[in-house]
Amino acid sequence: MTREDARRFLKEAVEENGVPWDDFDDAMALLPASEKG
Numbered sequence: 795m796t797r798e799d800a801r802r803f804l805k806e807a808v809e810e811n812g813v814p815w816d817d818f819d820d821a822m823a824l825l826p827a828s829e830k831g
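If you read the sequence shown in our numbering, its first letter stands for residue 795, the second for the next number, and so on.
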């Protein structure tokens, strides 16, 4: 699974759970680069 596949999968999961994707991106931005892959 590529990083883009993972993002797409997470985007769908996040939207299904009613969490705005923009908020998820903000949270991802807070992760250290080492955790982003």
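Where is the CB? At the ideal position from N, CA and C, for every residue including glycine.
Straight-line Cα distance separating residue j from residue i
| i | j | result |
| --- | --- | --- |
| R802 | A823 | 16 Å |
| W815 | R797 | 16 Å |
| D799 | V808 | 14 Å |
| E806 | D817 | 14 Å |
Where the alpha helix (DSSP H) containing residue i begins and where it ends
| i | result |
| --- | --- |
| V813 | Here V813 belongs to no alpha helix (DSSP H), and DSSP marks it neither H nor E. |
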